[in-house]
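Single-structure report; data block below.
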Amino acid sequence: MQPDATEFQAELLASLPRLRRFALSLTRHPSEADDLVQMTCERAITNAEKWNPEQPVLPWLYTMARNLWTSELRKRQVRTGEGTVPAEEAAELVSHVGGEEATRARQVLAQVMALPEGLSSVLLLVSVEGHSYAEAAAILDIPAGTVMSRMSAARARLRAALAGEAA
1 MQPDATEFQA ELLASLPRLR RFALSLTRHP SEADDLVQMT CERAITNAEK WNPEQPVLPW
61 LYTMARNLWT SELRKRQVRT GEGTVPAEEA AELVSHVGGE EATRARQVLA QVMALPEGLS
121 SVLLLVSVEG HSYAEAAAIL DIPAGTVMSR MSAARARLRA ALAGEAA
């Protein structure tokens, strides 16, 4: 079944905020995340006929973004480490929250972004975006068992980091 252009455009536009969060978890830098989202959208529009409208568009976009980012890293011949998003850039992501909640949200976001890429991506897909372990495994092209172990490690690191801040 071929996707309707209007339906595809609506699905793509509705997916942008979640796609950007995922891109930020991969790139660790807002400007690179924006570039990755743009490249992903360009690729999606070019390949719109390959999208099955009976399936959600978001996993398809996540997979595309992950593949594009992997290709970009190979081109640069750089390995991502435990990079972080600067606090002021992380604050932009939670600017809609006020007062004490904003402070806590910034702390949590900074700690999530400080996790290694493999852990932060899994945590974002499962805990924030609500994907099942199986869906996250398919998006990231890793076994479901790896998703489970990374979720456990991410939660443990996040818990320890946040407990350290509270002390």
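Going by the UniProt record's numbering, the letters in the sequence shown line up with residues 1 to 167, in that order.
Note that beta-carbon positions come from the ideal geometry of N, C-alpha and C, so glycine has one too.
In this text the structure is predicted, and so the values were computed from the model without any measurement.
1) By the three-class DSSP mapping on this structure, what secondary structure does Gly83 have?
2) For Gln111 and Ala10, I'd like the C-alpha separation in whole angstroms.
3) Check Asn47 in the structure and name its three-state DSSP category.
4) Leaving out the 5 sequence neighbours to the left and right, which residues in its chain are closer than 8 Å to Ile139 when beta-carbon positions are compared?
5) Any idea what DSSP makes of residue 215, helix, strand or coil?
6) Which value, in whole angstroms, describes the spacing of the CA atoms of Ser120 and Ala161?
7) Have a look at Arg79 and Ser15 and give me their C-alpha separation to the nearest angstrom.
8) Could you pull out every residue in the same chain whose Cβ sits closer than 8 Å to the Cβ of Leu13, ignoring the five residues on either side in sequence?
9) From which residue to which residue does the alpha helix (DSSP H) around Glu7 run?
10) Using 8 Å as the limit for Cβ to Cβ distance, is Pro53 near chain D?
11) Excluding sequence positions up to five away, which residues of its chain have a Cβ less than 8 Å from the Cβ of Asp4?
12) Looking at the structure shown, is Glu42 part of a helix, part of a strand, or coil, going by DSSP?
13) At the level of alpha carbons, what is the spacing between Pro17 and Leu26?
14) Straight-line CA distance for Gly164 to Glu42?
Let me spell this out:
1) Confidence at Gly83 is low in this model, with a pLDDT of 42, below 50, so its placement is unreliable and the value that follows should be read with caution. Note: Gly83 maps to coil in three-state DSSP.
2) 33 Å
3) coil
4) Pro59, Tyr62, Thr63, Arg66, Leu125, His131
5) The structure shown does not extend to residue 215, since the chain spans only 1 to 167, so no value can be given for it.
6) Taking the Cα positions, Ser120 is about 14 Å away from Ala161.
7) At Arg79, the pLDDT of 39 sits below 50, so the modelled position is not reliable; the number obtained from the coordinates is stated separately. Computed Cα separation, rounded: 28 Å.
8) Spatial neighbours of Leu13 in its own chain (CB-CB distance under 8 Å, excluding positions within 5 residues in sequence) are not present.
9) 5–27
10) Given the protein chain composition of this structure (a single chain), no chain D is represented.
11) Pro53
12) Glu42: helix per DSSP, three-state reduction.
13) 14 Å
14) Looking at the two C-alpha atoms, the distance is approximately 42 Å.
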